[in-house]
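Visitor: Handing you this structure, nothing more for now.
Laid out in structure tokens, this is it:
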């Protein structure tokens, strides 16, 4: 992977104050190598986001000149809020992609397809809708075409990032069953997202450490209707029978009597979701009563 990066700066008078740019200096041309990806990036210190430009639109020699590549401040602010945002540079029909650092792996993996969306108005429109969508909204009318899978993947990545941010915030960045913070947290779906009823609503989410997330998914721990925590005695007996119960007392010591609930009741885990999600994991209704 080849990476070119400059700071994004204002162009100064008489340039548009809402336009930022990178000034390409120190190179004759962008190098592209077979089997490698070339990233052309700008970094906004103010917004803490990147702007990525399409290298295929800038293949001319830069010997003796210092071109600038522009992006709108609105795109940077949208990326800071939503994870990413496309910006259509109409003059050369280029789609620049602004994104937060947590989106960089998705951008690197799919950069060619993301930039190519500018050639197809319907795909660009879908990309813009994905970027601006409500956290629980799933866009289902993604147009058929070679980049449909990419757009679906981008949508899932954006929704996952927003879901995690929102769930961790309402749980005060604290594991619901152990109280642990330490920046070691997952946003777990109560009803798995793959299920037809699995949504990104806050009431379908719960904040857990990776250890407790796995214990929840494997039905080692459960949550009753009164939000108290229950250990699966049958599972523990199975583990003890095969000699895999090491550390069980240490694990038990991490568990609260009742889960740490969000400040607002409207964000509490939905009891119907808890029943369905945990029954899918092997719990019976009587075990959780």
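In the working numbering, the protein residues as written are 131 to 419.
All C-beta atoms in this analysis are idealised placements derived from N, C-alpha and C, irrespective of residue type, glycine included.
Because the structure is a prediction, the values reported are computed rather than measured.
#1: Taking DSSP as the reference, what is the three-state secondary structure of residue 139?
#2: If I'm right that residue 199 touches residue 152 with Cβ under 8 Å, what's the distance once you round it to whole angstroms?
#3: With a threshold of 8 Å on Cβ separation, who are the neighbours of residue 360 within its own chain once the five nearest residues in sequence on each side are excluded?
#4: How big is the Cα-Cα spacing for residue 162 and residue 188?
#5: State the Cα-Cα distance for the pair residue 456 and residue 398, rounded to the nearest angstrom.
#6: For residue 179, which option in 232, 140, 167, 377 has the closest C-alpha, if you only look at C-alpha atoms?
#7: Is it the case that the Cβ atoms of residue 430 and residue 181 are separated by a distance below 8 Å?
#8: Give me the Cβ distance between residue 344 and residue 317, rounded to the nearest whole Å; I'm assuming they're in contact under 8 Å.
#9: Quick one: measure Cβ to Cβ for residue 79 and residue 196, integer angstroms, because I've assumed they're closer than 8 Å.
#10: Tell me the rounded alpha-carbon separation between residue 228 and residue 305.
#11: Along the chain, where does the alpha helix (DSSP H) containing residue 299 start, and where does it finish?
#12: Using three-state DSSP, classify residue 350 as helix, strand or coil.
#13: Could you tell me which residues DSSP puts in a beta bridge with residue 202?
#14: Between 287, 312, 285, 286, which has its C-alpha nearest residue 298's C-alpha?
#15: Can you tell me whether residue 232 is helix, strand or coil according to DSSP?
#16: DSSP three-state call for residue 269: helix, strand or coil?
#17: Locate the alpha helix (DSSP H) running through residue 380, then write down its first and last residues.
#18: Please list the terminal residues of the continuous beta strand (DSSP E) segment that includes residue 174.
#19: Closest by CA to residue 309, which one among 385, 176, 236, 137?
Guide: Once the coordinates are examined:
#1: In this structure, residue 139 counts as strand in the three-state DSSP scheme.
#2: Residue 199 to residue 152, Cβ: 5 Å. Contact.
#3: Apart from the 5 residues on each side of it in sequence, residue 360 sits with its Cβ closer than 8 Å to the Cβ of 351, 352, 353, 354, 417, 418 in its chain, given in chain order.
#4: If I take the Cα positions, the gap works out to 11 Å.
#5: Any property of residue 456 remains undetermined from this structure, which presents the chain solely from 131 to 419.
#6: The residue with the shortest Cα to Cα distance from residue 179 is 232.
#7: Since the first and last residues shown for the chain are 131 and 419, residue 430 lies out of range.
#8: A Cβ-Cβ distance of about 14 Å is found for the pair residue 344 and residue 317, leaving them out of contact under the 8 Å criterion.
#9: Since the first and last residues shown for the chain are 131 and 419, residue 79 lies out of range.
#10: So the two alpha carbons sit approximately 32 Å from each other.
#11: Secondary structure note for residue 299: its alpha helix (DSSP H) is the uninterrupted segment 278–300.
#12: DSSP places residue 350 in coil when its eight states are reduced to three.
#13: Bridge partners of residue 202: 149.
#14: Closest option to residue 298, Cα to Cα, is 312.
#15: It is helical.
#16: Low local confidence applies: a pLDDT of 47 at residue 269 is under 50, so the model's placement there is unreliable, and no value is given.
#17: Unbroken alpha helix (DSSP H) run through residue 380: 378–383.
#18: Start and end: 168–174.
#19: The residue among 385, 176, 236, 137 with its C-alpha nearest the C-alpha of residue 309 is 385.
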